[in-house]
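Undergrad: In our numbering, the protein residues as written are 1125 to 1406.
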């Protein structure tokens, strides 16, 4: 069991911070939605972190990693993609800093590597992974000409730390007509596999057959299943039996109430030779 460590940055909201302004690399509204206690609300303009706050935040990741290991986790994973704080430093559209944390590829990745190195002071590298990918999202996270180069630079340098793993997300949105178009589908893993020599985990839009194929073809070492596990807590058994899969009830996702957390049905194969299954409540 691995604990994922992350910081919302500008994706947070004053309602979640007792009225305080969210923080980020720069004062750029990312143009996303925050999940607040009152529902989804548009993000606001954050304030830039000071250099001292950046150092404290890197130390916070290290303390969180130590706490996770002391609590009995087998490892930690640093979340360095999607819309959150580390990505806000990597992204040229949300990082307008003119100090050593902004501008060049080396500078925009500096915070990521300060976090990684802080965590490695507390946890052995073989128990530390990173989740990262180039993205094309709305608002300030639309793919630009810097999106792919900064991710390539980061992954090549991450390879030198001999980490437990790199979890690489495939495209979650349509890359057509963007600088990331060649990374559509398996292109993401085909592009980055040569840049990372350690354990690479493929994620997003995976099913049994695609996962087996990516591993057989050498584009990934492991495959991560997220959404399928939500609706199929017995996913391993279903894959083994090639059984039908349940669908996610999206009305129950994202803190919508207790239903949908532990009440998805499991299946039991019929005792005859028919390829039919019946379900019962777990």
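In this text, a Cβ means the ideal position worked out from N, Cα and C, and glycines have one as well.
Tell me where the beta strand (DSSP E) around residue 1163 begins and ends.
TA: Element bounds for residue 1163: 1163-1166.
Undergrad: Just the C-alpha distance for residue 1331 and residue 1186, rounded to the nearest angstrom, thanks.
TA: The alpha-carbon atoms of residue 1331 and residue 1186 are separated by roughly 34 Å.
Undergrad: Near residue 1225, which residues of its chain fall below 8 Å by C-beta distance, leaving aside the five closest residues on each side in sequence?
TA: Excluding positions up to five away in sequence, the list reads 1149, 1175, 1178, 1213, 1219, 1231, 1232, 1234 and 1235.
Undergrad: Suppose the cutoff is 8 Å on Cβ atoms and the five residues either side in sequence are ignored; what does the same chain contact list for residue 1183 look like?
TA: The answer, listed in chain order, is 1242.
Undergrad: Does the segment 1188-1204 come close enough to the segment 1136-1152 that 3 or more CB-CB pairs lie under 8 Å?
TA: Touching, no.
Undergrad: Got a sec? Which residues, its chain only, sit under 6 Å from residue 1209 by beta carbon, not counting five neighbours each side?
TA: Once the five neighbours on either side are set aside, the close Cβ partners of residue 1209 are 1131 and 1133.
Undergrad: Between which two residues does the alpha helix (DSSP H) harbouring residue 1212 extend?
TA: It spans 1209-1214 - the alpha helix (DSSP H) in which residue 1212 sits, taken as one unbroken run.
Undergrad: Can you tell which of 1293, 1321, 1313 and 1127 has the C-alpha that lies nearest to the C-alpha of residue 1189?
TA: Measuring from the Cα of residue 1189, the nearest candidate turns out to be 1127.
Undergrad: Which same chain residues end up closer than 8 Å to residue 1303 when comparing Cβ atoms and leaving out the 5 residues on each side of it in sequence?
TA: Correct list, in chain order: 1267, 1268, 1269, 1271 and 1272.
Undergrad: Tell me whether residue 1343 is buried or exposed, calling it buried when 16 or more other Cβ atoms sit within 10 Å of its Cβ.
TA: Residue 1343 should be labelled buried.
Undergrad: Return the Cβ separation of residue 1289 and residue 1253 in integer angstroms, given the expectation that the two are a contact with Cβ distance under 8 Å.
TA: With a Cβ gap of about 4 Å, residue 1289 and residue 1253 count as contacting.
Undergrad: Ignoring anything shorter than 3 residues or poking outside the segment 1275-1319, list the beta strand (DSSP E) runs there in chain order.
TA: Within the segment 1275-1319, the complete beta strand (DSSP E) runs of at least 3 residues are 1289-1293.
Undergrad: In three-state DSSP terms, what is residue 1390?
TA: Strand, per DSSP.
Undergrad: Consult DSSP for residue 1138 and reduce its assignment to one of helix, strand or coil.
TA: Helix, per DSSP.
Undergrad: With a 10 Å radius around its C-beta and 16 neighbouring C-beta atoms as the bar for buried, classify residue 1388 as buried or exposed.
TA: When all chains shown are included, residue 1388 counts as buried.
Undergrad: In this structure, how does DSSP classify residue 1205 when only helix, strand and coil are distinguished?
TA: Here residue 1205 sits in coil by DSSP.
Undergrad: Would residue 1166 be called buried (16 or more neighbouring beta carbons within 10 Å of its own) or exposed?
TA: With fewer than 16 Cβ atoms within 10 Å of its Cβ, residue 1166 is classed as exposed.
Undergrad: Just confirm the distance between the C-beta atoms of residue 1229 and residue 1283, as a whole number of angstroms; I'd bet it's less than 8 Å.
TA: Not a contact, Cβ separation roughly 15 Å.
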